[in-house]
Amino acid sequence: MKKLISVMMFLALMVPAASFAAGPAVKVDKANVDVTNTASLQRGARYFVNYCMGCHEAQYMRYNRIGRDLGLTDDQVRDNLIFTRDEFGDPTRVGALMKNAYPKRDAAEAFGTAPPDLTLVARVRGEDWLYTFLRSYYLDENRPMGVNNTVFPNVGMPHVLWELQGFQRKEVVGKDARGHDEVRFELVQSGSMSPAEYDKAVRDIVAFLSYMGEPIQTERKMIGIWVMLFLFIFTIIAYLMKKEYWKDVH
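All letters in the sequence shown, in the order written, are residues -21 to -1, 1 to 229 by mature numbering (1 follows the signal peptide of the UniProt record, and there is no 0).
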């Protein structure tokens, strides 16, 4: 029994170590998003409903929650963020969950797999991964959609933001310390945005996805600060009380 416990403890320690040693499959860029920037989140929400919700859903989030957190009225949410209808053909209500009307069976047939729900994607993939992924599409004539991605090779998702970024070509320029390809992108067809503007737009999208994965994160951090401050003050008071109670004992 002791030997079995020792083996289990060894494996429990080795698995995280092996994962850490493996590291990420590709080099990712820092997103540096700011979930406290309301204007950035509003722009990200606009991009999300216009470019992502044609296929993806955010079925664990409600439109009116986004409006409340991002400083938007119900009318603003209805006019700028809702473009779907319910099962009866009526406009989706502001209090509804963020679903789309694309049947998963049809989506799986079109893309090889049903597009995943994106409510928690920032918590699963990470902000840096998403930021790099949305900037790493390149032309590839061997792919059904004509594009590929260095972060997610052979991904079924097309380059939905091509209208903003344009199209770019990938060039392998060397290897990094881990043996991964170092690539350089060359813009061969311009989009409606400059590279700097597109990077900012992607950062807004990632910021919105990060907010959506944990809408209470800013409030949670503030509560944490107040809790730590309370514990610090309480510790001082408890120490002074201890000295007062025990001063006559010694």
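Just so it is clear, CB atoms sit at the ideal spot from N, CA and C, and this is done for glycine as well. It should be emphasised that the depicted structure is a prediction, and the values quoted were computed from it without experimental measurement.
Contact set for residue i: own chain, Cβ-Cβ below 7 angstroms, skip 5 residues either direction
i: residue 231; result: One cannot answer for residue 231 here, as it falls past the ends of the chain, which runs -21 to 229.
i: Ser169; result: Gly145
i: Val5; result: Thr129, Val130, His159
i: Glu165; result: Gln147, Arg148, Glu150
i: Phe27; result: Ile184, Phe187
i: Asp53; result: Asn43, Gly46, Val73
Beta-carbon contacts of residue i that lie in its chain and below 8 angstroms, excluding the five residues immediately before and after
i: Val14; result: Leu20, Ala186, Ser189, Tyr190, Gln196, Thr197
i: Val56; result: Tyr42, Asn43, Ile45, Gly46, Val73
i: His35; result: Asn79, Pro94, Pro95, Asp96, Leu97
i: Asp58; result: none
Outcome for residue i when other beta-carbon atoms lying within 10 angstroms are tallied against a minimum of 16
i: Met220; result: exposed
i: Val167; result: exposed
i: Tyr117; result: buried
i: Thr111; result: buried
i: Thr71; result: buried
i: Tyr218; result: exposed
i: Tyr224; result: exposed
i: Gly125; result: exposed
i: residue 262; result: No answer is possible for residue 262: the residues shown for the chain start at -21 and end at 229.
i: residue 239; result: Here the chain comprises residues numbered -21 to 229, so residue 239 is not present and cannot be evaluated.
i: Ala(-1); result: At Ala(-1), the pLDDT of 39 sits below 50, so the modelled position is not reliable; the number obtained from the coordinates is stated separately. Answer is exposed; the Cβ neighbour count stays below 16.
i: Trp108; result: buried
i: Arg199; result: exposed
i: Asn127; result: buried
i: Gly192; result: buried
i: Val12; result: buried
i: Val228; result: exposed
i: Val100; result: buried
Proximity below 9 angstroms, CB of residue i to CB of residue j
i: Gly74; j: Asn29; result: no
i: Thr17; j: Gly50; result: yes
i: Arg114; j: Asp48; result: no
i: Arg102; j: Ala93; result: no
i: Met40; j: Pro194; result: yes
Sequence-distant residues of its chain with Cβ nearer than 6 angstroms to residue i (five each side left out)
i: Leu(-18); result: A caution first: Leu(-18) carries a pLDDT of 41, below 50, which makes its placement in the model unreliable, though a value can still be read off. For Leu(-18), where only same-chain residues beyond five positions count, there are no Cβ hits under 6 angstroms.
i: Arg22; result: Asp183
i: Tyr177; result: Leu143, Gln144
i: Glu161; result: Val152, Gly153, Asp155
Cβ distance (whole Å) where residue i is taken to contact residue j below 8 angstroms
i: Arg163; j: Val181; result: With 8 angstroms as the limit, Arg163 and Val181 do not qualify as a contact, their Cβ atoms being about 18 angstroms apart.
i: Gly135; j: Gly91; result: 4 angstroms
i: Leu60; j: Ala86; result: Incorrect: roughly 21 angstroms between the Cβ atoms, too far for contact.
i: Arg64; j: Ala80; result: 7 angstroms
i: Glu106; j: Ala10; result: 4 angstroms
Minimum Cβ-Cβ distance from residue i to chain B less than 9 angstroms
i: Tyr110; result: The structure shown contains no chain B; it is built from a single protein chain.
### Query
Is there contact between the region 136 to 156 and the region 171 to 185, where contact requires at least three CB pairs shorter than 8 angstroms?
Taking a contact to require three or more Cβ pairs closer than 8 angstroms, the region 136 to 156 and the region 171 to 185 qualify as touching.
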